[in-house]
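Asker:
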Amino acid sequence: MSSLSTTTAADAVPAVRVHELSRAFGTLQAIDNVSFSVAPGEIFGLVGPDGAGKTTLMRMLAGVLAPDHGRIELDGIDVQHQSEQAKRHLSYMPQRFGLYEDLTVAENIFFYGELFSVATSDRRTRSETLLHAAGLTDFRHRRAGQLSGGMKQKLGLICALIHTPRVLLLDEPTTGVDPVSRRDFWAILYQLREQGVTIVLSTAYMDEAERCTRLALVHGGRIRQCDTPARLKAAMPGSLLELVAADPRAIHGALRHQPGVLGSLLMGDRVHVRVDNATRRMPQLNNFLGEQGLDIQGMEQVEPGIEDVFVALLDEEAPA
Amino acid sequence: MFERLYVMLMKEFIELKRDHWALFRLTVPLLIQMLVFGYAATFTVHHVRTAVLDLDHSQASRALVSHFAASPNFAIVDQPDTPATITRDIDQNKAVIALVIHAGFGRKLGNGTRAPLQVIVDGTNSNTALIALGYVNQIVAQFSVAQPQSPAMIAPTVTPAAFVTLQERPWYNEGLDERWFFIPGVIGTLTLMQVVSLTAFAIVREREVGTLEQIMVSPIRPFEFILGKTMPFFLIGLADIGLVVSFGLLWFHVPFVGNPWILLLGASLFLFAALGMGLLLSTFSQTQQQAFALNFFFVNPFFILSGFAFPIASMPKALQWFTVINPLRYFLVIIRAVFLKGVGLEVLWPQLLALAVLALGMLTASTLRFRKSLD
Numbered sequence: 001m002s003s004l005s006t007t008t009a010a011d012a013v014p015a016v017r018v019h020e021l022s023r024a025f026g027t028l029q030a031i032d033n034v035s036f037s038v039a040p041g042e043i044f045g046l047v048g049p050d051g052a053g054k055t056t057l058m059r060m061l062a063g064v065l066a067p068d069h070g071r072i073e074l075d076g077i078d079v080q081h082q083s084e085q086a087k088r089h090l091s092y093m094p095q096r097f098g099l100y101e102d103l104t105v106a107e108n109i110f111f112y113g114e115l116f117s118v119a120t121s122d123r124r125t126r127s128e129t130l131l132h133a134a135g136l137t138d139f140r141h142r143r144a145g146q147l148s149g150g151m152k153q154k155l156g157l158i159c160a161l162i163h164t165p166r167v168l169l170l171d172e173p174t175t176g177v178d179p180v181s182r183r184d185f186w187a188i189l190y191q192l193r194e195q196g197v198t199i200v201l202s203t204a205y206m207d208e209a210e211r212c213t214r215l216a217l218v219h220g221g222r223i224r225q226c227d228t229p230a231r232l233k234a235a236m237p238g239s240l241l242e243l244v245a246a247d248p249r250a251i252h253g254a255l256r257h258q259p260g261v262l263g264s265l266l267m268g269d270r271v272h273v274r275v276d277n278a279t280r281r282m283p284q285l286n287n288f289l290g291e292q293g294l295d296i297q298g299m300e301q302v303e304p305g306i307e308d309v310f311v312a313l314l315d316e317e318a319p320a
Numbered sequence: 321m322f323e324r325l326y327v328m329l330m331k332e333f334i335e336l337k338r339d340h341w342a343l344f345r346l347t348v349p350l351l352i353q354m355l356v357f358g359y360a361a362t363f364t365v366h367h368v369r370t371a372v373l374d375l376d377h378s379q380a381s382r383a384l385v386s387h388f389a390a391s392p393n394f395a396i397v398d399q400p401d402t403p404a405t406i407t408r409d410i411d412q413n414k415a416v417i418a419l420v421i422h423a424g425f426g427r428k429l430g431n432g433t434r435a436p437l438q439v440i441v442d443g444t445n446s447n448t449a450l451i452a453l454g455y456v457n458q459i460v461a462q463f464s465v466a467q468p469q470s471p472a473m474i475a476p477t478v479t480p481a482a483f484v485t486l487q488e489r490p491w492y493n494e495g496l497d498e499r500w501f502f503i504p505g506v507i508g509t510l511t512l513m514q515v516v517s518l519t520a521f522a523i524v525r526e527r528e529v530g531t532l533e534q535i536m537v538s539p540i541r542p543f544e545f546i547l548g549k550t551m552p553f554f555l556i557g558l559a560d561i562g563l564v565v566s567f568g569l570l571w572f573h574v575p576f577v578g579n580p581w582i583l584l585l586g587a588s589l590f591l592f593a594a595l596g597m598g599l600l601l602s603t604f605s606q607t608q609q610q611a612f613a614l615n616f617f618f619v620n621p622f623f624i625l626s627g628f629a630f631p632i633a634s635m636p637k638a639l640q641w642f643t644v645i646n647p648l649r650y651f652l653v654i655i656r657a658v659f660l661k662g663v664g665l666e667v668l669w670p671q672l673l674a675l676a677v678l679a680l681g682m683l684t685a686s687t688l689r690f691r692k693s694l695d
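So the protein sequences, as listed, match chains A and B.
Residue numbering for the first sequence follows my numbering, beginning at 1 and increasing consecutively.
Residue numbering for the second sequence follows my numbering, beginning at 321 and increasing consecutively.
#1: State the Cα-Cα distance for the pair residue 450(B) and residue 333(B), rounded to the nearest angstrom.
#2: Run through the DSSP bridge pairs and tell me what residue 198(A) is partnered with.
#3: Determine, using beta carbons only, whether residue 115(A) comes closer than 7 angstroms to chain B.
#4: How would you list, in chain order, the residues of chain A whose beta-carbon sits under 8 angstroms from the beta-carbon of residue 530(B)?
#5: Measure the Cβ-Cβ separation of residue 184(A) and residue 106(A) and say whether it is below 7 angstroms.
#6: Look at the Cβ atom of residue 72(A), then the Cβ atom of residue 57(A), and state whether they are nearer than 7 angstroms.
#7: Please report how far the alpha carbon of residue 30(A) lies from the alpha carbon of residue 226(A), in whole angstroms.
#8: Please confirm whether residue 372(B) and residue 399(B) have their CB atoms less than 7 angstroms apart.
#9: Give a yes or no on whether the C-beta atoms belonging to residue 327(B) and residue 116(A) are separated by under 7 angstroms.
#10: Counting only beta-carbon separations shorter than 7 angstroms, does residue 19(A) have a partner in chain B?
#11: Given residue 276(A), which residues of its chain have a CB within under 7 angstroms of its CB, disregarding the five upstream and five downstream residues?
#12: Is there a C-beta anywhere in chain A that falls below 7 angstroms from the one on residue 523(B)?
#13: Which residues, in order along the stretch 530–558 of chain B, keep a beta-carbon less than 9 angstroms from a beta-carbon of chain A?
#14: Starting from residue 353(B) and walking both ways along the beta strand (DSSP E), at which residues does that stretch end?
#15: Using the beta-carbon count (16 or more within 10 Å), is residue 641(B) buried or exposed?
#16: How many angstroms separate the CA atom of residue 688(B) from the CA atom of residue 17(A)?
#17: Find the nearest neighbour of residue 525(B) within the set 603(B), 418(B), 686(B) and 675(B), judged by alpha-carbon distance.
#18: Rounded to whole angstroms, how far is the Cβ of residue 329(A) from the Cβ of residue 76(A), which I believe are closer than 8 angstroms?
#19: May I have the straight-line CA-CA distance separating residue 163(A) from residue 148(A), to the nearest angstrom?
#20: What do you reckon, are the CB atoms on residue 264(A) and residue 270(A) nearer than 7 angstroms?
#21: Return helix, strand or coil for residue 509(B), following the three-state DSSP convention.
#22: Can you have a look at residue 79(A) and say buried or exposed, based on whether 16 or more other CB atoms are within 10 angstroms of its CB?
#23: So if DSSP puts residue 46(A) in a beta bridge, which residue, or which two residues, is it bridged to?
#24: With 7 angstroms set as the bound, which would you pick, yes or no: does the beta-carbon of residue 102(A) sit closer than that to a beta-carbon of chain B?
#25: Following the continuous beta strand (DSSP E) through residue 172(A), name the residue where it begins and the one where it ends.
#26: Near residue 153(A), which residues of its chain fall below 6 angstroms by C-beta distance, leaving aside the five closest residues on each side in sequence?
#27: Buried or exposed: where does residue 114(A) fall if 16 or more other Cβ atoms within 10 Å of its Cβ makes it buried?
#28: Count the other CB atoms, across all protein chains shown, that sit within 10 Å of the CB of residue 214(A); report buried if there are 16 or more and exposed otherwise.
#29: Mind checking residue 386(B): buried by the 16 CB within 10 Å criterion, or exposed?
#30: Listed from N- to C-terminal order along the chain, which residues in the stretch 337–363 of chain B have their beta-carbon within a distance smaller than 8 angstroms of any beta-carbon of chain A?
#31: In whole angstroms, give me the CA-to-CA distance for residue 171(A) and residue 235(A).
#32: How is residue 272(A) classed by DSSP in three states: helix, strand or coil?
#33: Residue 324(B) versus chain A: which residues are under 7 angstroms apart at the beta carbon?
#34: Going along the chain, which residues of its own chain have a beta-carbon closer than 8 angstroms to the beta-carbon of residue 439(B), five neighbours each way excluded?
#35: With 16 other CB atoms within 10 Å as the buried threshold, where does residue 320(A) fall?
#36: Can you give me the start and stop residues for the alpha helix (DSSP H) that residue 316(A) sits inside?
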């Protein structure tokens, strides 16, 4: 029902509106006063380390976990009090989608289609399209229990999409999924977005985070920052130097406490060093490394990735 | 709603069909347990291992021993010469009962005075001991009658005319065949155990695998899910009852004099209560392991406190109160009555009503708790 022409959160009825949401488990405040809105057609990413509260937030959005405080609206429908209505327009895919392993691929799709009262002809055409997009057409008579991990996740996505939801909630959908399946997966997500489906997903993969239209950085049950990936990167304090070295661990250790260094992050054979001023600090760090006898193959200023932004955020909060 | 219920049922039956061992698991253990119960569950005591110490060596003492030797209830396993050996036999469980015939037994009998016979019995298994002592009394009484020269043994000083004579005629089970009593009870007990655990495990499994949460984000209502999940077990339970009832009739020849429709009604209410119990257990368990432990915790007391073998009237008051919420208690009355007595609704309505109330209560409680347990 929401118009697709409206793309900004300001003038549209938000597809998802979360207002002052909290939930505790015993003494642990899993979600602490979280508010955000997602516009129709967005791919909204929740990024954060394990235990940040992403899954708790997702389960509340899906209506399977009741919040202690706050409210959630999907297309203006209150998830808690009008759950029957909300469920019709919602699809939730947890980290491990619940498939019936003794049923075949086609039977699982049939089952979830019937649960959502999808008309038979719609279900047929839709499942054909989705099976094809997921590369599962040849496996339709295989038992779900005999699929690979990536295939299972894709089948889960098909089951979750069989009823054409308006809002799709994906909790770490590609964790443990091979790169080919991940590509299929994202191709389906982009198609959905074109059809106007709003997607909220949580992920621990930074490359996936970059694909989202907007990101919320979640840590300790709170949303620390929420913006487009580009603006989040632009807003990162300081600038980023990338050093390539034979022994990145030694460089990482040596530079951490140098003046002007705000933070340092190991990335494979590279070290990302965040400094207050790139032009001023590059010669200084070069000299220092020379004095210490630490070889580097190169040092250049680079654009930060989402991971850098996230680590910077955590550094700023708890200076070493 | 019917399409959702229909698809739930369809899924259940496909899963059942794919499970090649299901038919085996649902029938063979029942039949085997039925056989075991049918043959092994008996209070009759046969071949009690007996040690005899004859210190008299008289004609009378030998005659007494031969009475015991001839009885199918006793098996003489040892005839030692010293009292110490008797003690050893009992200690080492070689003998359960020992007869000691002291010197002078025969002489006293001949004199017409009272001749004592010492009986030592291993009271560890009090039930066997009690029953064996009963047999000893019978044999000794027969023996005494057979001693013409010793009226003092049995004849009290009152005149025979004043004797009360007992004429026994047990109703409904004239042969007092214990199997007739046990088999119907076994049917109820086994069905309860099977249906409660099947239901609890099946729902907890969906929770474990994650399909429960998946279903709950669909527009399905909790009671549709519960109905779809429990109806197959209701049918399985009915089929199982039919199977074991037929087995009891055809194999053990237990009579069935009552109205099968009353049994069906009772069985249906009983199954609803059992399904409610299983569902209730499932709401307290996150994993199948927890469900197993809970099942173990509940099912045995329900069995013991049902009147299956131990009379409820002999239990302490507190436990008697507990039996009020035990569906098996009511079903056992119903199934025994239908099998053996042939009484109808006019007699069994209190039990049927109690089962209906219990079933309604358990299903309501478990459905309410089920909603909460989804968090």
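Even glycine gets a Cβ: it sits at the ideal position worked out from N, Cα and C.
Answerer: Quick answer:
#1: 52 angstroms
#2: 167(A)
#3: Under the Cβ distance rule, residue 115(A) counts among the residues neighbouring chain B, one pair being separated by less than 7 angstroms.
#4: What residue 530(B) touches in chain A, judged by beta-carbon distance under 8 angstroms, is 94, 96, 97 and 98, going in chain order.
#5: no
#6: no
#7: 18 angstroms
#8: yes
#9: no
#10: no
#11: 238, 260 and 262
#12: no
#13: 530, 531, 532, 533, 534, 535, 536, 537, 538, 539, 540 and 541
#14: That residue, residue 353(B), is in no beta strand (DSSP E); its alpha helix (DSSP H) goes 342–360.
#15: exposed
#16: Roughly 30 angstroms between the two C-alpha positions.
#17: 603(B)
#18: No information on residue 329(A) is available, as it lies outside the stretch 1 to 320 that chain A covers here.
#19: 24 angstroms
#20: no
#21: Secondary structure at residue 509(B): helix, using DSSP grouped into helix, strand and coil.
#22: Classification of residue 79(A): buried, given that the 10 Å Cβ count is 16 or more.
#23: 202(A) and 216(A)
#24: yes
#25: No beta strand (DSSP E) holds residue 172(A); DSSP gives it neither H nor E.
#26: 177, listed in sequence order.
#27: buried
#28: Note on residue 214(A): 16 or more other CB atoms within 10 angstroms of its CB, so buried under the neighbour-count rule.
#29: exposed
#30: 338 and 339
#31: 27 angstroms
#32: strand
#33: 114 and 115
#34: When the five nearest sequence neighbours on each side are left out, the beta carbons in the same chain lying within less than 8 angstroms of the beta carbon of residue 439(B) are those of 417, 418, 419, 420, 453 and 456, in order along the chain.
#35: For residue 320(A), the predicted model reports a pLDDT of 44, less than 50, meaning its position is unreliable and no value from the coordinates is stated.
#36: 306–317
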